[in-house]
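**Q** Quick one: the structure is below, and I'll ask about it shortly.
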Amino acid sequence: MTRIRYQYINSEILKLLKSLPDNLLCFPLDIKKIIQLIPNCNLSSYSYFANHYNVSINDVISLCNSQSGCTHYDEAKNKYLILYNNSSKNYNVRGRQIWTLAHELGHVKLKHLLYLSEKMVAENRLDNSSCTIFEQEADYFAATILCPFQIYKHLKITEPLDIQNIFDLSISASENRFEQYEKWKTHHVKTAFDNDLVKIFKPFLNDYKLRSQ
Ligand SMILES: [Zn+2]
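Take the sequence shown: its position 159, counted from the start at 1, is 178 in my numbering, and no numbers get skipped.
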């Protein structure tokens, strides 16, 4: 795979959003609850995992090969385990933790680990430098599900701080996202995906409008 599969990712996002109960279709997105609704996916923090297996947080970091999070896939049982670092040390603020969770959910929903385990290129583990495209796909998934550009206009977003407040992202992610939005706005041609997203979040957008009047 050499290119990010935008259309495929968009359709997986829509499928997921449409399967959620109405009370989860609002921002900031409750990404933990969404993960907990997936029947074959368990979620654990680094600290819980370290306690449970009586190892250090550093052991979990090296097991995951990541400071922020990882996903383990058990092919025989078809079960996923998402681990995320819940310590706010080293600037791992809540907004970053939310991004990590959405990124790992992206790996699960886009079936990256299934693909990799079939290919036998990784030991059932991702976050390996040879998987750059999958990393980019998971980031696109996270960005689109956590803070979709399609609704910025409805939310009257005019600066990075609005993004931070509404979507609960870190300030650096909010700044990045705002910069990308400015570009997106000028080049983007409206698609059916845009309409579908707005439709899904219509009750939230109406409610937001009422509250901000
Ligand atoms: Zn990743």
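The C-beta atom is built at its ideal place from N, Cα and C for all residues, glycine as well. All of these numbers come straight from a predicted model, not from anything done at the bench.
Taking the alpha-carbon positions, what's the L102 to L35 distance?
**A** 20 Å
**Q** Going by Cα to Cα distance, which pick from I152, H126 and C60 is closest to T21?
**A** With distances taken between Cα atoms, T21 lies closest to I152.
**Q** Does W118 pass the burial test, meaning 16 or more other C-beta atoms within 10 Å, or should it be called exposed?
**A** Counting Cβ neighbours within 10 Å, W118 comes out buried, since at least 16 surround it.
**Q** How is K209 classed by DSSP in three states: helix, strand or coil?
**A** coil
**Q** Run through DSSP, which three-state label would K96 get?
**A** DSSP places K96 in coil when its eight states are reduced to three.
**Q** Below 8 Å, can you find three or more Cβ-Cβ pairs linking the segment 41-51 to the segment 80-98?
**A** no
**Q** Alpha carbon to alpha carbon, how far is C166 from K37?
**A** One C-alpha to the other measures close to 17 Å.
**Q** Can the beta-carbon of A161 be found closer than 8 Å to that of G125?
**A** yes
**Q** Grab the span of the alpha helix (DSSP H) containing S38 for me, first residue to last.
**A** First-last of the alpha helix (DSSP H) with S38: Y25 to S38.
**Q** How would you call E123, buried or exposed, if buried means at least 16 neighbouring beta carbons within 10 angstroms?
**A** buried
**Q** Which of the three DSSP states, helix, strand or coil, is assigned to N225?
**A** Three-state result, N225: helix.
**Q** Only counting the same chain, and skipping five residues up and downstream in sequence, which positions put a Cβ closer than 6 Å to that of S149?
**A** The predicted position of S149 is uncertain, since its pLDDT is 47 and thus under 50; a value taken from the coordinates is nonetheless stated next. Here the set comprises nothing.
**Q** At the level of alpha carbons, what is the spacing between F212 and N29?
**A** 7 Å
**Q** Beta carbon of I53, beta carbon of L39: below 8 Å?
**A** yes
**Q** If Y65 and N104 are in contact, beta carbons under 8 Å, what's the gap, nearest whole angstrom?
**A** 5 Å
**Q** Need the endpoints of the alpha helix (DSSP H) that L82 sits in, please.
**A** Per DSSP, L82 belongs to the alpha helix (DSSP H) from I76 to C83.
**Q** Which of the three DSSP states, helix, strand or coil, is assigned to Y200?
**A** It is helical.
**Q** When burial is assigned at 16 or more other CB atoms within 10 Å of the CB, is S81 buried or exposed?
**A** exposed
**Q** Throw me the rounded Cβ distance for the E94 and L129 pair, which I believe falls under 8 Å.
**A** Incorrect: roughly 16 Å between the Cβ atoms, too far for contact.
**Q** Give me, in chain order, the residues of the same chain whose beta-carbon lies closer than 6 Å to that of S189; leave out the 5 immediate sequence neighbours on both sides.
**A** V112, G114 and R115
**Q** CB of H91 to nearest heavy atom of ligand 1: below 7 Å?
**A** no
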